[in-house]
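For reference, the structure discussed in these notes is given below.
Protein chains: 2
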Amino acid sequence: MANKAKQHGLVLRPHFKTHQSAVVGEWFKDEGIKQITVSSVQMAKYFAQNGWEDITIAFPLNIREIDDVVRLANQVKLNILISSPETAQLVAEKVNISLSYFIKIDAGYGRAGIVPENTEKIQRIIETINQNKSVAFKGFLAHFGNTYHAHNKEEVLRIYDESKERLIKLKNRFLSDFPNLILSIGDTPSATLTNDFQGVDEIRPGNFVYYDLMQYYIGACTFDKIAVALACPVVDVYPERNEILIYGGAVHLSKEYSIDYQSNKTYGQIVSLNENNWQVPETKPYLKSISQEHGIISVHPDFLKSIKIGDLLGVLPVHSCLTADLMRQNGGFLILE
Amino acid sequence: MANKAKQHGLVLRPHFKTHQSAVVGEWFKDEGIKQITVSSVQMAKYFAQNGWEDITIAFPLNIREIDDVVRLANQVKLNILISSPETAQLVAEKVNISLSYFIKIDAGYGRAGIVPENTEKIQRIIETINQNKSVAFKGFLAHFGNTYHAHNKEEVLRIYDESKERLIKLKNRFLSDFPNLILSIGDTPSATLTNDFQGVDEIRPGNFVYYDLMQYYIGACTFDKIAVALACPVVDVYPERNEILIYGGAVHLSKEYSIDYQSNKTYGQIVSLNENNWQVPETKPYLKSISQEHGIISVHPDFLKSIKIGDLLGVLPVHSCLTADLMRQNGGFLILE
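Sequence order for the protein chains is A and B.
Numbering follows our numbering, in which position 98 of the first sequence is assigned residue number 98; successive positions increment by one, without gaps.
Numbering follows our numbering, in which position 19 of the second sequence is assigned residue number 1019; successive positions increment by one, without gaps.
Below, the structure is given as structure tokens:
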């Protein structure tokens, strides 16, 4: 991803919400990365403490946290997101330190932000904040989260192209007044699959550090690119129903599920763990159901015969961000070099 | 629940995985509760540190944790679950301290344990552990988790009656050899709804401490019994699509969803928060979708008009156990007396 960004003259500002780990952050430093994205003030504080000095909080400012944001802006170069004139007004009144902001644009996902055609509202935000000269307009930021609902590469690229086109129009409209404004986009599926970054200045993919089953099913990565597994102890085996019980449930993996290539609802793909890597068993066992701590793996009888109580099995998660968030909290994080 | 247990001559051994809180645990002490259930060794340690001296770990023993279990059995009266002769053999060999065990029975849920009719396997476990005189057979334990998939009270009670009947037969078969053996059951839906505890010695409901939307939809509680809400800041309002953006997502609520009375997929019911309670707005807004930190509430235009950025809205969770687990980790737990 770092090479791709370089090749296209883009700033890569990776989203660190996927790993939330200072150690993994160091790998990015090795690639020359100096600017990062996070999704909460708490996460921004964590990475600021770990030496990161240029941070975008890619979540529309929660005005209840404005004092914390101002304190943090004293320590690092901070970019925040604004999507409403009301929040803009409060920022204009309260912020007394150098801070930059993006206007959060909704380019089709329908989650957060202003639609790019609503230039009246965008103009109003810029004018409101302009009262406060310490707060600088940095540009437009969007997340094409609807690519996560795509079923194949073509669909991802169609969403990307349509969303980008709307953003480029917006950018061009404001470029004469703000010649330095930047356009920041870049979810993992489209950043991985596209080669058309015309008009884009910055990308913020995050999930690509591990990828996961969801990315694989979307077509955003090959299977061998999945780089995170949850090691789960086998607690019981049930030959009579071709199932294995593991200690591994919703408090470790989250309840995110996917539909696999055989139309099974799955909470994870099972892999055999070796010392430094893993393999998919030929019969492709999968995590069929989970509750708080229990996981039930559906298996072929041949695979079941090879497993005994106390073995460790790996689970490739459906959504690595949520699994990493849960395991970080549980202190269960092990990095294989 | 404490009164109901007393009335029926049952031991109430509440499941503390729902709240995982020493403070909430104190409320149970006030009701005379001295015995508790947890779902992990880690949780058993936490409550042992907080003065609980009689703990059942209601998860089939993970043999990789046997040393921890033995250490803990030095400090408190500990009951573990066994469901396989292999694990029984290891326990017989490794345990050198007074410990009790239940045999985990699968009475129809199909998750963990031995079916009650497989008395040969049950006998084998008892004989295996019997080699070690410090490990005592306490009885049979089952969790009717399939009641969580019921759609109404009648279905819950049908599952309960059928499952209990199978267990009573099992109990009676072993009662002459083990006159002190007990039968421990008691998921929240059936423990709340039934009044037939004939043959049952102990119940272990946990979720009832808060209940949640899922219990409400099953018919296990009335709406006013739901006793936990996540307070979420309003970050933006979107009149053009009748939606509100809150700071509240999968890392706070989990991705558990339910289908509400209007056939909407919902991640939570929205309530207005007052100082010491909450109310459901007349137009019944609900949490329509969530991602890692974002939540989107679907609202009626009238409700939207009453909300401004920075307000707090309450979310009644679909599954309170998972929400409490996440918020405990985030340190975001506030108890209203």
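Glycine included, every Cβ here is placed at the ideal spot set by N, Cα and C.
Cβ-Cβ distance between residue i and residue j below 8 Å
i       : j       : result
B/Q1198 : B/N1207 : no
B/R1111 : A/H294  : yes
B/G1314 : B/I1246 : no
B/L1061 : B/L1078 : no
B/L1181 : B/A1142 : no
A/S40   : B/S1254 : no
A/R204  : A/A92   : no
B/C1097 : B/A1088 : The sequence as given places Ile at residue 1097 of chain B; Cys does not occur at that position. No, these two residues do not count as a Cβ contact at 8 Å.
A/F144  : A/Y109  : yes
A/V318  : A/G268  : yes
A/I226  : A/L316  : yes
B/V1095 : B/N1118 : no
A/V70   : A/I80   : no
B/Y1101 : B/K1045 : no
B/I1122 : B/I1114 : yes
Cβ neighbours of residue i in the same chain (closer than 7 Å, five flanking residues each side left out)
i       : result
B/A1048 : I1055, L1072, Q1075 and V1076
A/S298  : N242, E243, P285, Y286 and K288
B/W1278 : A1229, V1271, S1272 and G1314
B/D1302 : T1283
A/T128  : P85, A88, Q89 and A92
B/I1296 : E1243, L1245, K1288 and S1289
A/E53   : V76 and K77
A/E162  : G108
A/R124  : P85
A/S291  : G249 and A250
Spatial distance of residue i from residue j (CA atoms)
i       : j       : result
B/M1001 : B/K1153 : 17 Å
B/E1202 : B/A1005 : 8 Å
A/E120  : A/L175  : 16 Å
A/T222  : B/A1220 : 45 Å
A/Q42   : B/N1130 : 53 Å
A/V135  : B/G1310 : 21 Å
B/I1033 : B/F1016 : 12 Å
A/L170  : A/E256  : 35 Å
A/K340  : B/A1022 : Outside the shown range of chain A, which is 1 to 337, sits residue 340 of chain A, and nothing can be said about it.
B/N1003 : B/Q1035 : 15 Å
B/I1259 : B/S1084 : 37 Å
B/D1172 : B/L1090 : Residue identity differs from the one stated: residue 1172 of chain B is Asn in this sequence, not Asp. Rounded to the nearest angstrom, the two C-alpha atoms are 28 Å apart.
A/V24   : A/R13   : 15 Å
A/W27   : A/V38   : 16 Å
B/P1116 : B/Q1262 : 39 Å
B/K946  : B/E1240 : Any answer about residue 946 of chain B is impossible in this case: the structure gives chain B only from 1001 up to 1337.
A/R64   : A/S320  : 29 Å
A/E165  : A/D196  : 11 Å
A/G248  : A/E275  : 20 Å
A/N50   : A/K29   : 12 Å
Sequence-distant residues of its chain with Cβ nearer than 8 Å to residue i (five each side left out)
i       : result
A/K308  : V234 and V237
B/L1193 : K1153, V1156, L1157, Y1160, G1219 and A1220
B/L1312 : A1231, C1232, P1233, V1234 and L1273
B/T1266 : L1213, Y1257, S1258, I1259, D1260, Y1286, L1287, K1288 and V1318
B/N1264 : Y1286, K1288 and S1298
A/I66   : L90, V91, K94 and V95
B/E1337 : For B/E1337, the predicted model reports a pLDDT of 44, less than 50, meaning its position is unreliable; a value from the coordinates is still stated below. The answer is none, since no qualifying residue turns up.
Beta-carbon contacts of residue i that lie in its chain and below 6 Å, excluding the five residues immediately before and after
i       : result
B/H1019 : V1209 and A1324
B/I1218 : A1150 and P1189
A/T147  : V156, I159, D187, P189 and S190
A/R328  : Q20
A/P179  : none
B/G1009 : none
A/V11   : E202
A/V280  : V271
B/Y1356 : Nothing about residue 1356 of chain B can be read from this structure; chain B reaches only from 1001 to 1337.
Assumed close pair residue i, residue j - CB separation to whole angstroms, cut-off 8 Å
i      : j       : result
A/A250 : B/L1322 : 6 Å
**Prompt:** Got a sec: which bits of the region 250-267 of chain A sit with their beta carbon under 9 Å from any beta carbon on chain B, in order along the chain?
**Reply:** A250, V251, S254, K255, E256 and Y257
**Asked** When Cβ atoms are compared, which residues of the region 1285-1299 of chain B fall closer than 8 Å to chain A?
**Response** S1289, S1291, Q1292, E1293, H1294 and I1296
**Prompt:** For the region 59-83 of chain A, which residues have a CB atom closer than 9 Å to at least one CB atom of chain B, in sequence order?
**Reply:** F59, P60, L61, N62, I63, R64, E65 and S83
**Proximal residues, the region 1013-1047 of chain B versus chain A, C-beta separation under 7 Å** = K1017, S1039 and S1040
**Message:** What are the residues in the region 188-210 of chain A lying within 9 Å of chain B by C-beta distance?
**Reply:** none
**Request:** With 7 Å as the limit, tell me which residues of the region 1111-1129 of chain B have their beta carbon closer than that to any beta carbon of chain A; keep them in chain order.
**Result:** R1111 and A1112
**Asked** Mind listing which residues of the region 1083-1104 of chain B have their C-beta closer than 9 Å to chain A's C-betas, in chain order?
**Response** S1083, S1084, E1086, T1087, L1090 and K1104
**Contact list for the region 1213-1230 of chain B against chain A, Cβ threshold 9 Å** = none
**Request:** Below 9 Å between beta carbons is the criterion; list the residues of the region 306-327 of chain A that meet it against any residue of chain B, in chain order.
**Result:** Listed in sequence order: K308, I309, G310, L312, H319, C321, L322, D325 and L326.
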